[in-house]
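In the working numbering, the protein residues as written are -16 to 559. Beta carbons: idealized from backbone N, C-alpha and C, even for Gly. Step one of this worksheet: look at the structure below.
Written out as structure tokens, the structure reads:
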């Protein structure tokens, strides 16, 4: 590929992202589907603007690497230890059980056992890129089903090690095979231990040294070197590049430089991950799809159905609530990007035929393309299934029947703290949350929490919203909060709605949708910080309160005086 062609390809990819992604978001389809459709349009079976799909995919795979690093750096080792059951227990069970069942199905179709095992376990792996990106977009990575999905995906990344080691060894004798795989596993463990040691005891000193130079360019270069260097080291040892980046991220999770590192890699992560999603769209071989439509569609549907059912059963056996188990099953039903790598290596090594390779990569690509649509089905299914359970539970609760109570939408950290305040003030409340396991845990601690979607009128009716004194939205996801506020205002325009907002833009949007008070987290944090500074400098507490109240009035206007903490309706022009 010439330099001129490469530049043209990059320009085409950028232009496609600029057009497809905003359009997809405006239609409510999400960014992932926008990238996929954009890839189809410019790919070999669309306008044919780009032919070098493989070269671009190799670059795009670094988006997955940066994504795993960004997730790892948000997970302190203590939090990672908290999902060990998902990684070692659920992850291993999912890979082994799903791999064996799919291998059995492939073997029954007449393929040799060695090929069947490779295909079965290759299809058992899910897409880290699609799964985690959708969780991040929906703001659900920290939910029970989000953490469970992350744990399973991490184990799948580890499982790539022995699977890749098996490819060149399929024709060897059993004893030699066992010894070779054992050596590969030992090498993998040693490499991981080495990365952990370096990350734990070396990286902070390196960042400290570079930070003293006061060069932002040098700091960004070191951040990129850490991510790409760790990925290259893992790949050299035959391991998953993404897994190496994740481990490096976890090692920096408690570093004082973590926020700057995240800021430096964020632009690369978003663009490269978008490239990867576009290459998946470009990889769909519509010629083969039309030629063997029946077998292709049946294979994709069969693989995804079997995976979803097995994951559902495994999660339920482990004690996960049906709603969360269903969410994990639908999110991880597709095959993943490592399938491209595994089957490609097998084809080059002569282990499988070229025709089988193209057929399998088409199955992987189509299953990944179906994931954003499954996510929408997931939302609809959980909402529909959850309303009956929520309404039944709330109608049987002695809390319902009160008047003047507060309905809290979302029972994360903010919602729980508000509930504590209301409890201390002896004000009755009803909290509603979509995380079934969170609801179960909160109810066990004595909170009045119920499962359901607070944007649904039937759920709010079951919580006696007509008799409520106030509606409060404390959802983490801005999009979920906007949807909830809009629905509440439409169904109960007479009730005041108080909501949290991330920033000025979010507060304005929520106010436009009907919120009576939108508390800007950035503004209130700045007031608290400023008040603390004044107190430390010896100013009188009464004078500090007067200054803060005066500042609120100057921003929120007269209508905001009674609330004294939020953005009152009609004062959007001066929101912080």
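Nearest-angstrom Cβ-Cβ length linking residue 50 and residue 241, presumed shorter than 8 Å: So it is not a contact: roughly 16 Å between Cβ atoms.
Cβ neighbours of residue 330 in the same chain (closer than 7 Å, five flanking residues each side left out): 337 and 340
Within the segment 468 to 523, ranges of the beta strand (DSSP E) (whole runs, at least 3 residues): 480 to 484 and 500 to 503
Contacting residues, own chain, Cβ-Cβ under 8 Å from residue 271 (five flanking each side not counted): 279, 341, 342 and 345
Element boundaries [alpha helix (DSSP H), containing residue 273]: Start and end: 269 to 274.
Integer Cβ distance of residue 431 from residue 419, believed to fall under 8 Å: Wrong, their Cβ atoms sit about 16 Å apart, outside the cutoff.
Buried/exposed call for residue 239, threshold 16 Cβ in 10 Å: exposed
Close-in-space but distant-in-sequence residues of the same chain around residue 244 (CB under 7 Å, 5 per side omitted): 56, 206 and 235
Range covered by the beta strand (DSSP E) that runs through residue 446: No beta strand (DSSP E) holds residue 446; DSSP gives it neither H nor E.
Supposed close pair residue 52, residue 229 - CB separation, criterion 8 Å: Between residue 52 and residue 229 a beta carbon distance of about 7 Å is seen, short of the 8 Å cut, so the two are scored as contacting.
Beta-carbon contacts of residue 66 that lie in its chain and below 7 Å, excluding the five residues immediately before and after: 130, 133 and 134
Straight-line gap, residue 304 to residue 473 (C-alpha atoms, nearest Å): 32 Å
Residue 349: first and last residue of the uninterrupted beta strand (DSSP E) it sits in: Residue 349 -> not in any beta strand (DSSP E); alpha helix (DSSP H) instead, spanning 337 to 352.
Cα-Cα separation, residue 376 to residue 8: Caution applies to residue 376, whose pLDDT of 47 falls short of 50 and renders its modelled position unreliable; the value that the coordinates give is listed next. C-alpha separation (whole angstroms): 35 Å.
Beta bridge counterpart(s) of residue 455 as assigned by DSSP: Answer by DSSP bridge pairing, in chain order: 391 and 481.
Three-state secondary structure assigned by DSSP to residue 593: Residue numbering for the chain in the displayed model covers -16 to 559; residue 593 lies beyond these limits and cannot be assessed.
Alpha-carbon spacing of residue 90 relative to residue 99, whole angstroms: 5 Å
Euclidean distance between Cα positions of residue 433 and residue 396: When rounded, the distance between both Cα atoms is 16 Å.
Contained beta strand (DSSP E) runs [length at least 3] in the segment 408 to 443, N- to C-terminal order: 412 to 416 and 432 to 434
Bounding residues of the alpha helix (DSSP H) (the contiguous stretch that carries residue 97): 96 to 107
Validate contact between the segment 515 to 533 and the segment 494 to 502 using beta carbons, cut 8 Å, 3 pairs: no
Contact check, residue 46 vs residue 259, beta carbons under 9 Å: yes
Distance, residue 146 Cα to residue 312 Cα: In this model, residue 312 and residue 146 are separated by some 23 Å (Cα to Cα).
For residue 547, three-class secondary structure by DSSP: Legend: pLDDT at residue 547 = 41, less than 50; position of this residue unreliable, value from coordinates given subsequently. In the structure shown, residue 547 sits in coil (DSSP, three-state: anything other than H, G, I, E or B).
Buried/exposed call for residue 322, threshold 16 Cβ in 10 Å: The residue in question, residue 322, is buried, as its Cβ has 16 or more Cβ neighbours within 10 Å.
Inter-residue Cα distance where the pair is residue 33 and residue 268: 14 Å
Sub-9 Å separation of residue 512 and residue 481 beta-carbons: no
Residue from 196, 86, 21 and -6 with nearest C-alpha to residue 266: 21
Inter-residue CB distance, residue 287 and residue 350 (contact presumed, cutoff 8 Å): 6 Å
Spatial distance of residue 39 from residue 256 (CA atoms): 11 Å
Start and end residues, alpha helix (DSSP H) containing residue 80: 74 to 91
Continuous alpha helix (DSSP H) assignments of at least 4 residues falling wholly in the segment 175 to 262: 186 to 195, 199 to 219 and 224 to 234
Contacting residues, own chain, Cβ-Cβ under 7 Å from residue 461 (five flanking each side not counted): If the five residues before and after residue 461 are omitted, its C-beta is found closer than 7 Å to the C-beta atoms of 485 and 489, all from its own chain and listed in chain order.
Neighbourhood of residue 96 by C-beta, 7 Å cutoff - its chain only, sequence neighbours within 5 removed: Same-chain partners within the cutoff: 90.
Inter-residue spacing [alpha-carbon to alpha-carbon] between residue 177 and residue 458: A straight line joining the alpha-carbon of residue 177 with that of residue 458 spans about 40 Å.
CB of residue 441 within 9 Å of CB of residue 388, strictly: no
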